[in-house]
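Below is one structure, written out as structure tokens; comments come after it.
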Amino acid sequence: MKKQKLINEAMKITGLKTEAEVIELSLKTLINLKKQEEIKHFKGKLKWEGNLEEMRLD
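Heads up: the sequence shown begins at 3 in the working numbering, then just goes up one per residue.
The structure is reproduced here in structure tokens:
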């Protein structure tokens with residue numbers, strides 16, 4: 003898909019008015035997705051110590 007077509011489609015579905023707004027939102031979204039992917043690498047590797055019952059009473 004051509005760059006301009008992608009930008010136009012993004013503007014249409016987001017309601018954003020400028021290409022700059024679309025690019026900014028796109029970059030923020032991409033960064034957030036990549037950070038979430040990094041977090042997945044910790045699954046099963048972190049040890050949690052605590053008492054949920056005590057925490058619920060606070």
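Think of the CB as a built atom: it goes at the ideal place given N, C-alpha and C, for glycine as much as any other residue. Since this is a predicted model, take the numbers as computed values, not measurements.
Distance, Cα to Cα, residue i vs residue j?
i: L54; j: I33; result: 32 Å
i: T16; j: G52; result: 43 Å
i: M3; j: T20; result: 19 Å
i: E39; j: E11; result: 26 Å
i: Q6; j: K37; result: 27 Å
The alpha helix (DSSP H) that contains residue i, what's its start and end?
i: E55; result: L54 to L59
Who are the near neighbours of residue i in its chain, counting only those whose CB is closer than 6 Å to its CB and skipping five residues on each side?
i: E56; result: none
i: L48; result: none
Going by the CB atoms, is the gap between residue j and residue i shorter than 8 Å?
i: L27; j: L18; result: yes
i: V24; j: I9; result: yes
In chain order, what residues of the same chain have a beta carbon less than 7 Å from the beta carbon of residue i, not counting five sequence neighbours either side?
i: M13; result: V24
*Ignoring anything shorter than 4 residues or poking outside the stretch 8–33, list the alpha helix (DSSP H) runs there in chain order.*
none
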